[in-house]
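Q: One structure, as structure tokens, below. Some questions next.
Residue numbers (the UniProt record's numbering), protein chains in the order written: chain A, 1 to 365; chain B, 1 to 365.
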């Protein structure tokens with residue numbers, strides 16, 4: 001029995017529900033921002049893992065799509081998306097073989113931070129008769145992947161330029177450790193400080209006679225800062241399409257973008273007047289950045305998640321909740337929450353409009 | 001290209017790998033324990049979500065299978081498993097309709113903690129011409145679902161007995177808040193204290209002339225305590241099949257059962273002599289009970305997980321790790337980690353023997 005055309009109340013729980021209007025407005029707001037900006041938007045598909053939403057972003061003006069994983073890029077290429085950045089290292093013979101074949105179907109750019117890995121990609125691209133765009137990833141303080149700014153980045157850029165089958169396009173630097181600094185002014189100060197060595201590295205590479213087409217990075221918490229920095233060109237924001245409780249707490253995005261996704265849930269137990277249990281848990285929602293937050297109802301506090309349960313504290317009117325009643329929660333971290341679900345229920349004006357698969361869910365290779 | 005018959009080294013990463021021998025030994029060890037016990041074992045399928053493994057447990061002597069969700073029970077029933085406990089409340093018209101239909105294909109028992117929900121299940125069972133086994137869930141201190149011990153539990157048991165289409169079978173009480181108390185003696189003391197009101201409730205119901213066939217509960221951290229308590233009959237342990245870093249730290253199970261599952265991972269970046277990045281992250285491993293732990297190699301410490309990356313600190317010999325090298329991690333929490341994966345790679349003596357789907361993954365309804 002199809003749910004399409006039915007009211008939200010007919011959707012069983014737990015379910016991941018998109019508010020179609022809010023999604024469209026978030027995409028339009030970000031697109032509008034970038035129409036007035038020198039920098040361009042390459043939205044990150046790790047958030048939604050959906051070709052449908054990626055196409056909506058492109059139709060609104062995005063220059064291409066960012067992916068975390070090669071497997072995500074493959075799903076998007078199969079859906080006709082032709083300009084893809086895999087914003088991570090692709091390591092090992094099997095994945096490199098897939099990467100260079102994917103380059104037959106789309107313009108593919110990938111990050112590198114190691115000379116041997118870069119040489120392997122070059123050899124495979126040459127053997128497959130394809131060509132890959134390359135960004136040298138620079139560590140700007142997140143202490144994850146990336147070479148050090150300055151000479152190490154220049155040395156790797158030179159190697160990329162020398163190698164066949166590769167096109168050196170520029171640099172990636174991601175300020176992931178700063179995207180949720182709450183205060184706008186403090187965030188801006190720290191982001192500008194962190195990105196300065198990246199921009200200096202760009203100048204260093206250019207001084208060495210190597211053109212740098214772009215510097216890519218940025219997120220939902222920093223797009224309006226990074227896009228204003230001279231020498232920073234492409235913003236990879238992802239979460240803005242849906243928002244979540246974490247980004248709602250960050251000055252800036254918390255005001256500009258609407259919650260466009262929620263967990264639809266049922267009260268399954270009312271063990272005491274001030275306590276209830278809902279049917280979301282660690283297998284449908286993630287806690288690492290903060291617990292889900294009840295939405296559209298006062299007096300409901302999520303105390304904790306176990307595998308299939310959320311313990312709730314009830315106050316005031318919320319104490320009238322009974323087993324079987326439904327309520328909505330904003331995810332604590334939308335990117336990992338989406339990854340737990342097979343499909344989106346898409347609702348407009350309270351009615352189910354579509355069901356979209358989370359097509360790249362689980363594509364971790 | 002099938003992986004079967006290939007060495008583990010041919011398996012790309014990240015992947016969830018079962019050590020077939022260790023799995024079989026864990027199942028045999030627990031079965032052996034219960035051959036000497038008055039209590040019986042009904043293993044919890046929420047850990048593995050796999051009909052294959054459930055059948056192995058039944059073949060070793062388990063009396064039936066426990067599920068967290070109706071959707072898991074449906075998958076197991078389709079695989080021929082005929083005695084299923086849904087160890088939670090099944091709430092709402094849609095799920096109750098599925099529940100009573102499932103009872104045509106298997107002996108199904110479900111937990112209740114609310115009179116109205118119980119009445120709805122009765123009405124649906126009667127209308128469908130089926131019959132459901134019922135356990136009244138009692139809160140023994142976890143403060144999640146369940147009625148209070150004593151009179152409230154007796155009152156609900158009486159209601160179950162009165163209602164058509166229901167067979168009152170007994171009580172469930174789960175000491176989930178105590179299963180990972182580290183010290184064996186302290187754990188035993190607290191579990192016995194928590195379960196005493198449950199056993200008293202059993203006696204109260206029996207004194208009222210209502211037979212109590214069984215009291216069900218228990219976990220991997222407590223099976224050897226709960227199974228020894230007079231009046232406690234059925235143990236729902238799940239994690240013992242695989243073990244994880246959390247249960248490895250608990251005295252008792254940490255010694256008795258072997259790690260039988262691991263995350264197979266690749267080093268994707270070596271940004272500094274003492275730092276590496278592996279390709280597991282929050283989309284392939286879960287952090288809520290503790291980070292994954294490197295296995296089979298000294299000097300590797302997981303510092304944190306982001307969505308697709310694990311940051312590692314390297315010491316000693318481990319500093320020779322290079323991008324492309326593979327290593328194993330024990331999951332921090334196996335039940336939620338399994339839920340992130342579509343399949344198990346099953347390895348014996350270093351060679352891939354089978355690929356099993358995580359058939360009930362994502363069956364959260």
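No residue lacks a Cβ here, since even glycine has one placed at the ideal position from N, Cα and C.
Is the Cβ of residue 331(A) closer than 8 Å to any Cβ of chain B?
A: Output row for residue 331(A): interface = no.
Q: When burial is assigned at 16 or more other CB atoms within 10 Å of the CB, is residue 228(B) buried or exposed?
A: Residue 228(B) should be labelled exposed.
Q: Please state whether the Cβ-Cβ distance between residue 307(B) and residue 283(B) is less than 8 Å.
A: A contact, by the Cβ cut-off of 8 Å.
Q: Would you check if the distance between the CB atom of residue 361(A) and the CB atom of residue 333(A) is smaller than 8 Å?
A: For residue 361(A) and residue 333(A), no; Cβs fall outside 8 Å.
Q: Tell me which same chain residues have a C-beta within less than 6 Å of the C-beta of residue 30(B), skipping the five on either side of it?
A: Closer than 6 Å at the Cβ level, and outside the excluded window around residue 30(B), lie 240.
Q: With a 10 Å radius around its C-beta and 16 neighbouring C-beta atoms as the bar for buried, classify residue 281(A) as buried or exposed.
A: Burial call: buried.
Q: How far does the beta strand (DSSP E) with residue 344(B) in it extend, from its first residue to its last?
A: 343-348 is the extent of the beta strand (DSSP E) around residue 344(B).
Q: Contact between the region 169-177 of chain A and the region 218-233 of chain A is defined here as three or more beta-carbon pairs at a separation below 8 Å; is this criterion met?
A: Verdict: yes, contact present.
Q: Short of 6 Å in beta carbon distance, which residues of its chain neighbour residue 225(A), apart from the five on each side in sequence? Order them along the chain.
A: Only 188 and 191 meet the Cβ criterion.
Q: Can the beta-carbon of residue 11(A) be found closer than 8 Å to that of residue 266(B)?
A: No, the Cβ-Cβ distance between residue 11(A) and residue 266(B) is not below 8 Å.
Q: Alpha carbon to alpha carbon, what distance is there between residue 257(B) and residue 166(B)?
A: About 38 Å.
Q: Between the region 92-106 of chain A and the region 141-153 of chain A, do three or more beta carbon pairs fall short of 8 Å?
A: Counting Cβ pairs under 8 Å, fewer than three are found: no touch.
Q: Locate the beta strand (DSSP E) running through residue 357(A), then write down its first and last residues.
A: 351-357 is the span of the beta strand (DSSP E), which, as asked, contains residue 357(A).
Q: By DSSP's criteria, residue 215(B) is part of a beta bridge. Which residues make up the other side?
A: In DSSP, residue 215(B) forms a bridge with 171(B).
Q: May I have a chain-ordered list of the beta strand (DSSP E) segments no shorter than 3 residues that lie completely inside the region 252-302 of chain B?
A: 261-272, 275-278 and 293-295, all fully within the region 252-302 of chain B.
Q: In this structure, does DSSP put residue 233(B) in helix, strand or coil?
A: Correct three-state label for residue 233(B): coil.
Q: For residue 359(B) versus residue 2(B), is the C-beta spacing smaller than 8 Å?
A: Going by C-beta atoms, residue 359(B) is not nearer than 8 Å to residue 2(B).
Q: At a Cβ cut of 9 Å, what residues of the region 135-153 of chain B count as close to chain A, listed as they run along the chain?
A: Correct list: 137, 139, 142, 143, 144, 145, 146, 147 and 148.
Q: Please list, in chain order, the chain A residues whose beta carbon lies closer than 8 Å to that of residue 12(B).
A: Result: 92, 94, 95 and 365.
Q: I want to know whether the region 69-80 of chain A touches the region 4-18 of chain B - three or more CB-CB distances under 8 Å.
A: With a cut-off of 8 Å, the region 4-18 of chain B and the region 69-80 of chain A do not count as touching, because too few Cβ pairs lie within range.
Q: Which residue or residues does DSSP assign as beta-bridge partners of residue 329(B)?
A: The partner list for residue 329(B) (beta bridge, DSSP) reads 263(B) and 294(B).
Q: Quick check on residue 55(B): does DSSP put it in helix, strand or coil?
A: Helix at residue 55(B).
Q: Can you check which of these residues, 158(A), 314(A) and 274(A), is closest to residue 300(A) by C-alpha distance?
A: Measuring from the Cα of residue 300(A), the nearest candidate turns out to be 314(A).
Q: Just curious, the alpha helix (DSSP H) that residue 226(B) is in, first and last residue?
A: Unbroken alpha helix (DSSP H) run through residue 226(B): 223-226.
Q: Give the list of continuous beta strand (DSSP E) stretches no shorter than 3 residues that lie fully inside the region 38-105 of chain B.
A: Taking only runs of at least 3 residues, the beta strand (DSSP E) segments lying wholly in the region 38-105 of chain B are 65-67 and 83-89.
Q: Measure the alpha-carbon distance for residue 233(B) versus residue 45(B) and round it to whole angstroms.
A: The alpha-carbon atoms of residue 233(B) and residue 45(B) are separated by roughly 19 Å.
Q: Report the neighbours of residue 270(A) on chain B: residues whose CB is nearer than 8 Å to its CB, in chain order.
A: Within 8 Å Cβ-Cβ: 114.
Q: If you reduce the DSSP assignment to three classes, tell me which class residue 166(B) lands in.
A: Residue state, collapsed to three classes: strand.
Q: Output, in chain order, the set of chain A residues within a Cβ distance shorter than 7 Å of residue 164(B).
A: In chain order: nothing, as chain A lies at least about 21 Å away.
Q: Looking only at its chain, what residues have a beta carbon closer than 7 Å to the beta carbon of residue 27(B), apart from the 5 residues adjacent to it on each side?
A: These residues qualify, in order along the chain: 56, 57, 60 and 241.
Q: On a CA-only basis, which of 203(B), 79(B) and 276(B) is nearest residue 309(B)? Give me that one, please.
A: If we check each option's Cα against that of residue 309(B), 276(B) comes out closest.
Q: Please report whether the beta-carbon of residue 296(B) lies at a distance below 8 Å from any beta-carbon of chain A.
A: Taking Cβ atoms only, chain A never reaches closer than 8 Å to residue 296(B), which makes this a no.
Q: If the criterion is Cβ atoms closer than 8 Å, does the pair residue 136(A) and residue 156(A) meet it?
A: Yes, the Cβ-Cβ distance between residue 136(A) and residue 156(A) is below 8 Å.
Q: Which residue marks the beginning of the alpha helix (DSSP H) containing residue 321(B), and which one marks its end?
A: Here residue 321(B) belongs to no alpha helix (DSSP H), and DSSP marks it neither H nor E.
Q: Are the Cβ atoms of residue 348(A) and residue 262(A) separated by less than 8 Å?
A: Against a cut-off of 8 Å, the Cβ pair of residue 262(A) and residue 348(A) comes out as no contact.
Q: Only counting the same chain, and skipping five residues up and downstream in sequence, which positions put a Cβ closer than 7 Å to that of residue 244(B)?
A: 330, 331, 332, 333 and 334, listed in sequence order.
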